[in-house]
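Participant: I'd like to ask some things about the structure below.
Now the structure itself:
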């Protein structure tokens, strides 16, 4: 892997927007985490373009995929591969380049680096070595799906891909069942139907859910309904095409026993102020914040 600074034949570091070529300002030595489009190439930011054009090294999950984006914006940078299968070899070389005072831009095939890719290892090593890490924010498939799903977004958990084996998949879903937040998963088209069936079994078919497919692309689709309805649809339909994000809403609030609510209030109050504890309990139980707050004060004051 080349660690020397690489420019195009003219020595320029630039990018093109429309018909305008823009010179990229020099970058300080650092590891730059650059978010790239998840489908529509127009979704990249100007800051991301300038960073990619100015970086000494552009490290990509798949250099062929990234070349399409770089060519679209006239960025003439040599790329190097950094992915799950070569991280052990490529990672130390990138760290060495950073220690030598070079700038490295890390990108994935699509979206924000480190989300379901091995970039976190490189970031961890960079931080251990005292190397500056700079996020260049932008597109993210989980957030795009969440915001368009109509599901609660005040609290959410990105759970990545579910295990392939049936038993491990159900075990993982059971562990997530009680999480009081919208759950977000990546899934492959060929496994979508069986994963939805497992979600019905482990989480309950009444939960609200949404399937985001080919987000930001020409055939973008958001399908919403209960888990059971979505499982039935994809069990009967042909295998879908494209990249898929599954969002599952939290379980409906249940009417807990008074003793359970008292224990919950006291547990929360041990970690946070009473007003906030009441608010959190209200989210988790569906109760009224003011009533829970008054109950908490009684519990704290004693009989």
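Numbering (UniProt numbering), first residue to last: 1 to 303.
For each residue, glycine too, the CB sits at the ideal point set by N, CA and C.
1) Could you please give me the residues that DSSP links to residue 135 through a beta bridge?
2) Taking all protein chains shown into account, decide if residue 23 is buried (16 or more other Cβ within 10 angstroms of its Cβ) or exposed.
3) Assuming residue 152 and residue 249 make a contact with CB atoms under 8 Å, what is their CB distance in whole Å?
4) Can you find at least 3 beta carbon pairs, one from the region 93-111 and one from the region 119-137, that sit closer than 8 Å?
5) Is the region 110-126 touching the region 34-45, taking contact as three or more C-beta pairs under 8 Å?
6) Runs of 4 residues minimum, wholly inside the region 40-108: which ones carry the alpha helix (DSSP H) assignment?
7) Am I right that residue 146 and residue 247 are in contact with their C-beta atoms under 8 Å? What's the rounded C-beta distance?
8) So is residue 208 buried or exposed if we call it buried at 16+ other beta carbons inside 10 Å?
9) Work out the CA separation of residue 28 and residue 238 for me, nearest whole Å.
10) Tell me where the beta strand (DSSP E) around residue 167 begins and ends.
11) Among the candidates 272, 183, 78, whose CA atom is the shortest distance from the CA of residue 63?
12) Could you give the DSSP three-state label for residue 145: helix, strand or coil?
13) Does DSSP put residue 209 in a helix, a strand or coil?
14) Looking at the unbroken beta strand (DSSP E) that takes in residue 214, where does it start and where does it end?
Facilitator: In short, the structure shows the following:
1) Your numbering for residue 135 matches position 135 in the chain shown. Bridge partners of residue 135: 33.
2) In the chain shown, the residue the question calls residue 23 occupies position 23. Looking at its Cβ environment, which holds fewer than 16 other Cβ atoms inside 10 Å, residue 23 is exposed.
3) On the chain shown, residue 152 is found 152 positions in, with the first residue counted as 1. On the chain shown, residue 249 is found 249 positions in, with the first residue counted as 1. Indeed, because the Cβ distance is near 6 Å, the residues count as touching under 8 Å.
4) yes
5) yes
6) 46-54, 63-72, 87-99
7) The sequence position of residue 146 within the chain shown is 146, counting from 1. The sequence position of residue 247 within the chain shown is 247, counting from 1. Indeed they touch by this definition, with Cβ atoms about 6 Å apart.
8) Within the chain shown, residue 208 is the residue found at index 208, counting from 1. Answer is buried; the Cβ neighbour count reaches 16.
9) Along the chain shown, read from residue 1 onward, the residue named residue 238 stands at position 238. Along the chain shown, read from residue 1 onward, the residue named residue 28 stands at position 28. Each residue's Cα considered, the two are about 50 Å apart.
10) As a working mapping, residue 167 is identified with position 167 in the chain shown. Residue 167 -> not in any beta strand (DSSP E); alpha helix (DSSP H) instead, spanning 166-176.
11) Translated into the one-based positions of the chain shown, residue 63 becomes position 63. If we check each option's Cα against that of residue 63, 78 comes out closest.
12) Taking the first residue of the chain shown as position 1, residue 145 is located at position 145. If DSSP states are grouped into helix, strand and coil, residue 145 belongs with the helices.
13) Position 209 of the chain shown, counting from 1, holds the residue named residue 209. DSSP places residue 209 in strand when its eight states are reduced to three.
14) Taking the chain shown and counting its residues from 1, one reaches residue 214 at position 214. Looking at the DSSP string, residue 214 is not in any beta strand (DSSP E), and its letter there is neither H nor E.
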